[in-house]
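Residue numbers (the numbering used here), protein chains in the order written: chain A, 1 to 201; chain B, 202 to 402; chain C, 403 to 603; chain D, 604 to 804. We treat Cβ as the ideally placed atom computed from N, Cα and C, and that holds for glycine.
Protein chains: 4
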Amino acid sequence: MNNEMECKATLASMNFIADHIKKVASKLDTVSVIDLVKNITRSKRIFLMGAGRSGLAAKAFAMRLMHMGFDVHVVGETTAPAVQPDDLVIAVSGSGETPSIANLGAISKKIGSRLATITSNKDSTLGKISDIVVIVPGRPKEDIDYEDYQERRMIGYTQLAPLGTVFEISALVFLDAVISELMVRTGASEAELKKRHTVFE
Amino acid sequence: MNNEMECKATLASMNFIADHIKKVASKLDTVSVIDLVKNITRSKRIFLMGAGRSGLAAKAFAMRLMHMGFDVHVVGETTAPAVQPDDLVIAVSGSGETPSIANLGAISKKIGSRLATITSNKDSTLGKISDIVVIVPGRPKEDIDYEDYQERRMIGYTQLAPLGTVFEISALVFLDAVISELMVRTGASEAELKKRHTVFE
Amino acid sequence: MNNEMECKATLASMNFIADHIKKVASKLDTVSVIDLVKNITRSKRIFLMGAGRSGLAAKAFAMRLMHMGFDVHVVGETTAPAVQPDDLVIAVSGSGETPSIANLGAISKKIGSRLATITSNKDSTLGKISDIVVIVPGRPKEDIDYEDYQERRMIGYTQLAPLGTVFEISALVFLDAVISELMVRTGASEAELKKRHTVFE
Amino acid sequence: MNNEMECKATLASMNFIADHIKKVASKLDTVSVIDLVKNITRSKRIFLMGAGRSGLAAKAFAMRLMHMGFDVHVVGETTAPAVQPDDLVIAVSGSGETPSIANLGAISKKIGSRLATITSNKDSTLGKISDIVVIVPGRPKEDIDYEDYQERRMIGYTQLAPLGTVFEISALVFLDAVISELMVRTGASEAELKKRHTVFE
C-alpha cells in the first residue's frame with residue numbers, strides 16, 4: 001500500500017536505476033569502450049545523433065565534448081555541417097532500430113565516416129552496420145534482474161522506469177563516464193572545461 | 202596507473218554516479234517531493250525550464266509528462282504559450298543562480314503561477330522565491346562523500362564527474378522517479394504512456 | 403563592378419526576393435489555400451514538420467498558430483505527442499523529397515491523419531501522397547524570371563539567393579499570410595494573439 | 604466582404620510584406636551593412652542570438668554562414684562554446700528590448716566581443732550598447748505606409764501581419780541578402796555552399 005505521505009515509488013525507482021548503472025558498469029565490454037575513446041580522440045569531427053530522450057543523452061555528451069575542445073556537432077542542430085569521411089558519427093538508440101537514426105547511420109557508412117552506436121541490441125540494424133558497438137543493457141525482459149520481489153509486486157514493476165528510461169539514463173551515465181576517461185587520457189583539467197562553458201545562460 | 206587497455210576511469214565514474222544517486226535517494230525530503238507531485242497533478246499546465254545540461258534533464262522529464270497525458274511545455278520551444286496563474290513552472294538549476302532561469306522564475310512569481318525548483322542550493326535566488334524546493338545534492342565540496350581514497354588519488358577526483366555532471370544526472374534520475382510516483386498515484390499504465398509516444402522518430 | 407562601399411548585392415537580393423513573393427502571390431492556387439485553411443480550423447491538432455531552413459519556416463508558422471490558440475506541435479520537439487487520425491500534419495519541403503520528411507509523411511498517411519505539403523514540386527514523393535498540396539515556386543531553373551540581365555550578369559545570378567533560399571522565404575511569407583487569412587475568417591484579434599505570446603524571452 | 608472561396612487576406616498579406624521588403628531595401632543604411640559584412644569576415648567566430656521568431660531568423664542566417672564555411676554558433680544550442688573577445692555576436696530583436704537578448708548583449712560587451720544588432724529601434728537597450736546597428740523597420744505605427752485604404756479597411760489592418768511578423772521576415776530577407784553580399788565579396792560559389800549542406804535530412 002502506498003501511503004499518501006510517503007513516496008516509496010520515487011525511492012524504489014532511484015535505487016533501481018542506481019543498481020542498474022552498477023550492473024551496466026560491471027558487464028561493460030572495455031574493448032569496445034576503448035575503441036570508442038580512441039576514435040573520439042583521433043577523428044576530425046564528431047557528430048552525435050539520437051531520437052527523443054536518447055537524443056537528449058546524445059546532446060548532453062556533445063556538450064561535454066565541446067567543453068573538452070573537440071569539434072563536435074549534433075545532427076539536426078542549426079550549425080551542423082555535412083559529415084565527411086574523416087568524421088566519427090555516434091548514434092544513441094536503445095533498440096538500434098529507430099528509423100531516422102538507422103537511416104542516418106546507413107548514410108554515414110555510405111559517406112565513409114566511422115559509425116559508433118550505443119545500444120542495448122547488438123543484432124539491430126544499427127548494431128550490424130556500426131564500426132563500434134557499445135552495449136548498454138536496458139530494462140531486462142525477465143524479472144531476474146530486480147530482486148526485491150515483494151516491493152516489486154506492490155509498486156508494479158514497469159512503473160519503476162517506464163519505456164526506455166533504463167537505457168536512456170544508463171547511456172547518459174556511460175557517456176559521462178567516457179568524458180572522465182577522456183580527461184584522464186588527455187590530461188584535460190576541469191578548469192579547461194570550465195573555460196569553454198558558456199556564460200550565456 | 203591507467204593501463205591503456207583498461208578503462209578504470211569509466212568504471213569508477215559510473216560507480217561514483219550510482220553511489221551518489223543512492224545517497225540522494227536516502228536523503229530525499231519526501232515532504233517536498235509529495236508537494237511537487239501533487240502540484241503536478243492539479244496544475245492546469247506545467248512548464249519546464251533549465252539551461253545547458255540541466256535544461257536537457259528538464260526536457261527529458263517534460264517528454265515523460267507528455268507521455269502521461271499532462272499539458273506540458275518546455276520554455277523556449279516553439280509552441281510554449283504564455284504562462285498563466287494556474288500553471289506550475291518547474292526550474293532545474295544546480296546552483297539555483299543561473300541568471301536566465303532565475304529571471305524567468307521571478308517573472309513566474311509575478312504572474313502568479315506556482316514555482317518549483319530542483320536545485321542543490323536551498324538558499325539560492327531560485328530557492329528563496331520558489332513555492333516548492335526539492336534539494337538534489339550535487340558534487341560535495343569536500344572529499345567526505347567518496348570513500349575510495351587510493352582510487353580517487355590515482356584517477357583524480359574531479360575527473361570522475363566534471364562540472365555539474367553529478368547534479369544533472371541525479372536531477373534526471375530523481376525526475377524520472379517522480380514519473381514512477383505519478384504512475385502509481387494516478388494508476389497510469391505503461392501501455393497508456395506508449396500510446397502517446399511519437400512514432401515520428 | 404562592386405564598389406567596396408556599396409552593397410549592391412544586398413539590395414539586389416532583397417528586391418529579387420520581394421519580386422518573387424509577388425509572383426508567388428499572383429500565381430497562388432487559392433483552392434488549395436482555402437483547403438489548407440479549412441483543415442487547420444477543423445483538425446483536432448496540427449503538426450508542423452520540415453528539415454533545415456524549411457523546418458525553421460514550419461516552426462515560425464507553428465508559433466503563430468499557437469498564438470491563435472490552436473493545439474499545435476512541431477515534430478521533433480520535446481512535447482510533441484503521437485499523431486492521431488484526427489490530426490493535420492503540415493510538411494514544408496521545397497523539393498518534396500527530403501527523405502526524413504517524406505518518410506514521416508508516409509507514416510502520417512498510414513496513421514490516417516490528413517497530410518498537407520507546402521512545396522515547389524507537385525510531382526514529388528510528398529506531393530503525390532498529400533491530401534493538400536500548396537505550390538510555392540522556388541528559384542526558377544531558367545533565367546526568365548529575373549529581368550535585369552545586366553545586373554544579374556554583374557553580380558552572378560545564383561548569389562542573389564543561393565540553395566533553397568527563395569523557396570524557404572516564400573513559404574514563410576505564404577504561411578504568415580495564412581495566419582492573416584485565419585484571423586479574418588475566425589475574427590481573431592491581434593490582442594488575443596498577444597495574450598498567448600510568451601513573456602519568457 | 605471576404606468571399607469564402609477567395610483568399611483576399613492571404614494575397615494582400617503577401618503583397619504587403621513584399622512591398623515592405625522593398626521599402627526596407629530602399630532605406631537601408633549601407634554603411635552599417637558594410638560594417639556588419641566586414642566584421643563577419645574578420646571575426647574568429649560568429650554567434651547568433653534572438654528570441655522567438657527573431658531567433659528563427661537568426662538560426663536561418665547561422666545555417667547559411669555555416670554553409671559558407673564560417674565558424675558559427677547559435678546561442679543556446681548544444682555545442683555553442685563560451686564567447687571570447689575575438690568573436691562577433693549578432694543579435695536579432697525588433698524592439699531591441701527582449702530581456703534575455705539584451706542581457707546577453709551586455710555580457711558580450713563585458714567579455715570584449717563585438718556586438719551587432721539587427722533591430723527596428725536604434726534607441727533601444729541593445730541599440731545603445733551595440734558596435735554595429737542595422738535598422739530594419741518593422742510595422743509602421745501610423746497608417747502611412749500602406750496605401751490601399753479601402754482594402755485595409757475591409758480586411759483589417761493589423762491582420763495583414765500581426766505582432767512582429769513584418770520585422771521578423773524583413774530581418775530574415777536582409778540577412779539572406781547579406782549572404783549574397785558575402786558570396787560576391789569572398790567569391791564563394793553556390794557549389795561550395797552545397798558541399799557543406801548536410802545530407803542528414
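| task | Would you kindly report the start and end of the unbroken beta strand (DSSP E) that includes G388 of chain B? | result | In the second sequence, residue 388 of chain B corresponds to position 187, counting from 1. That residue, G388 of chain B, is in no beta strand (DSSP E); it is neither H nor E in DSSP.
| query | Tell me, which residues are paired with G653 of chain D by DSSP? | reply | To locate residue 653 of chain D, count along the fourth sequence from 1; it is residue 50. D:V695, per the DSSP bridge assignment.
| query | Can the beta-carbon of F248 of chain B be found less than 8 Å from the beta-carbon of V276 of chain B? | reply | Position 47 of the second sequence, counting from 1, holds the residue named residue 248 of chain B. Position 75 of the second sequence, counting from 1, holds the residue named residue 276 of chain B. Closer than 8 Å, so yes.
| said: Let me make sure I understand the geometry here. Which of B:M215, B:D236, B:L237 and B:V234 has the alpha-carbon closest to that of A26 of chain A? | reply: Numbered from 1 along the first sequence, position 26 holds the residue referred to as residue 26 of chain A. First, the amino acid is wrong: residue 26 of chain A is Ser here, not Ala. Nearest option by C-alpha distance: B:M215.
| message | Counting C-beta neighbours from all protein chains within 10 Å, is the total for L229 of chain B 16 or more, i.e. buried, or is it exposed? | response | Within the second sequence, numbered from 1, the residue matching residue 229 of chain B stands at position 28. Buried: at least 16 other Cβ atoms inside 10 Å.
| What in chain E is Cβ-close to N39 of chain A, meaning under 8 Å? | The structure shown contains no chain E; the protein chains it does contain are A, B, C and D.
| said: Please list, in chain order, the residues of the segment 370-388 of chain B that have any C-beta partner in chain A closer than 8 Å. | reply: I370, L373, V374, F375, D377, A378, V379, I380, S381, E382, M384, V385 and R386
| Segment limits, beta strand (DSSP E) that includes H197 of chain A | The residue you call residue 197 of chain A lines up with position 197 of the first sequence. H197 of chain A -> no beta strand (DSSP E), and no H or E assigned at all.
| field | Delimiting residues of the beta strand (DSSP E) encompassing R447 of chain C | value | For the purposes of this step, residue 447 of chain C is identified with residue 45 of the third sequence, where counting begins at 1. No beta strand (DSSP E) contains R447 of chain C, which DSSP labels as neither H nor E.
| Do you know how far the Cα of H623 of chain D is from the Cα of P99 of chain A? | Within the first sequence, numbered from 1, the residue matching residue 99 of chain A stands at position 99. Within the fourth sequence, numbered from 1, the residue matching residue 623 of chain D stands at position 20. When rounded, the distance between both Cα atoms is 43 Å.
| request: Can you grab the Cα-Cα spacing for the pair R254 of chain B / G187 of chain A, in whole Å? | output: Here residue 254 of chain B refers to the residue found at position 53 when the second sequence is read from its first residue. Here residue 187 of chain A refers to the residue found at position 187 when the first sequence is read from its first residue. Rounded to whole angstroms, R254 of chain B to G187 of chain A spans 23 Å at the Cα level.
| What residues are listed by DSSP as bridge partners for L115 of chain A? | Locating residue 115 of chain A in the first sequence gives position 115, where the first residue counts as 1. Beta-bridge pairing links L115 of chain A to A:V89.
| field | Test: H599 of chain C CB closer than 8 Å to a CB of chain B | value | What you label residue 599 of chain C is simply residue 197 of the third sequence in a count that begins at 1. Yes, H599 of chain C counts as interfacial toward chain B.
| Cβ neighbour criterion (16 or more within 10 Å) applied to V636 of chain D | Translated into the one-based positions of the fourth sequence, residue 636 of chain D becomes position 33. Its Cβ being crowded by 16 or more others within 10 Å, V636 of chain D is buried.
| query | By how many angstroms is the C-alpha of R717 of chain D removed from the C-alpha of N642 of chain D? | reply | Looking up residue 642 of chain D in the fourth sequence gives position 39. Looking up residue 717 of chain D in the fourth sequence gives position 114. Cα to Cα, the separation comes out at about 8 Å.
| request: Output the distance between the C-alpha atoms of D272 of chain B and E192 of chain A, rounded to the nearest integer angstrom. | output: Walking along the second sequence from the start, residue 272 of chain B turns up at place 71. Walking along the first sequence from the start, residue 192 of chain A turns up at place 192. Using only the alpha carbons, I get a separation of about 41 Å.
| Top-ranked residue by Cα proximity to S294 of chain B, from B:E278, B:A259, B:I312 and B:T280 | What you label residue 294 of chain B is simply residue 93 of the second sequence in a count that begins at 1. Among B:E278, B:A259, B:I312 and B:T280, the Cα nearest to that of S294 of chain B belongs to B:A259.
| field | Three-way DSSP call (helix, strand, coil) for V37 of chain A in this model | value | Within the first sequence, residue 37 of chain A is the residue found at index 37, counting from 1. Reduced to three states, the DSSP call for V37 of chain A is helix.
| request: Kindly indicate which three-state DSSP category V275 of chain B falls into: helix, strand or coil? | output: For this step, residue 275 of chain B is matched to residue 74 along the second sequence. Note: V275 of chain B maps to strand in three-state DSSP.
| said: Taking CB distances under 8 Å as the criterion, tell me whether E680 of chain D reaches chain C. | reply: As a working note, residue 680 of chain D is residue 77 in the fourth sequence. Closer than 8 Å: no.
| field | Cα-Cα separation, L327 of chain B to A102 of chain A | value | Mapped onto the second sequence, residue 327 of chain B falls at position 126. Mapped onto the first sequence, residue 102 of chain A falls at position 102. Whole-angstrom Cα-Cα distance: 41 Å.
| request: For the segment 647-661 of chain D, enumerate the residues whose C-beta is nearer than 7 Å to any C-beta of chain C, in chain order. | output: A654, G655, R656 and L659
| Segment limits, beta strand (DSSP E) that includes V737 of chain D | The sequence position of residue 737 of chain D within the fourth sequence is 134, counting from 1. Counting along the chain, the beta strand (DSSP E) containing V737 of chain D begins and ends at I735 to I738.
| said: Using a Cβ-Cβ distance cut-off of 8 Å, determine whether L361 of chain B contacts chain A. | reply: As a working note, residue 361 of chain B is residue 160 in the second sequence. So, interface residue.
| field | T326 of chain B, DSSP secondary structure in three states | value | To locate residue 326 of chain B, count along the second sequence from 1; it is residue 125. Residue state, collapsed to three classes: helix.
| Neighbourhood of E6 of chain A by C-beta distance below 6 Å, restricted to the same chain and skipping five residues each side | The residue labelled residue 6 of chain A in the question sits at position 6 within the first sequence. So no residue of the chain qualifies.
| Where the segment 291-307 of chain B meets chain D: residues whose CB sits under 9 Å from a CB there | P300, S301, N304 and L305
| request: List the residues of chain C whose Cβ lies closer than 9 Å to the Cβ of V275 of chain B, in chain order. | output: As a working mapping, residue 275 of chain B is identified with position 74 in the second sequence. Chain C residues near V275 of chain B: E479, T480 and T481.
| Alpha carbon to alpha carbon, how far is I197 of chain A from L763 of chain D? | Position 197 of the first sequence, counted from the start, is the residue given in the question as residue 197 of chain A. Position 160 of the fourth sequence, counted from the start, is the residue given in the question as residue 763 of chain D. Checking the sequence shown, residue 197 of chain A turns out to be His, not Ile. Rounded to whole angstroms, H197 of chain A to L763 of chain D spans 43 Å at the Cα level.
| field | Proximity to A62 of chain A [Cα-Cα], best of D:E680, D:G672, D:M666 and D:I714 | value | The count along the first sequence starts at 1 and reaches residue 62 of chain A at position 62. Per the Cα distances, D:E680.
| Cutoff 6 Å; reference D346 of chain B; Cβ partners in own chain excluding five residues on either side | Translated into positions along the second sequence, residue 346 of chain B becomes position 145. Annotation note: pLDDT 47 at D346 of chain B (below 50); position unreliable, coordinate value reported separately. For D346 of chain B, where only same-chain residues beyond five positions count, there are no Cβ hits under 6 Å.
| task | Answer with buried or exposed for R42 of chain A, where buried requires no fewer than 16 other C-beta atoms within 10 angstroms of its C-beta. | result | Start at 1 with the first residue of the first sequence, and residue 42 of chain A comes out as number 42. Exposed, because fewer than 16 other Cβ atoms sit within 10 Å of the Cβ of R42 of chain A.
| said: With a threshold of 8 Å between beta carbons, is M5 of chain A in contact with chain B? | reply: Here the question's residue 5 of chain A lines up with position 5 in the first sequence. It does; some Cβ of chain B falls within 8 Å.
| query | Taking Cβ-Cβ distances shorter than 7 Å, what residues in chain B pair up with N121 of chain A? | reply | Position 121 of the first sequence, counted from the first residue, corresponds to residue 121 of chain A. Those do not exist, as N121 of chain A stays about 16 Å from chain B at its closest Cβ, beyond 7 Å.
| Cβ neighbour criterion (16 or more within 10 Å) applied to P162 of chain A | On the first sequence, residue 162 of chain A is found 162 positions in, with the first residue counted as 1. Buried, by the Cβ-count rule.
| query | Between M14 of chain A and the ligand SAH, is the CB less than 7 Å from at least one heavy atom? | reply | The ligand SAH is absent from the structure shown, which contains no ligand whatsoever.
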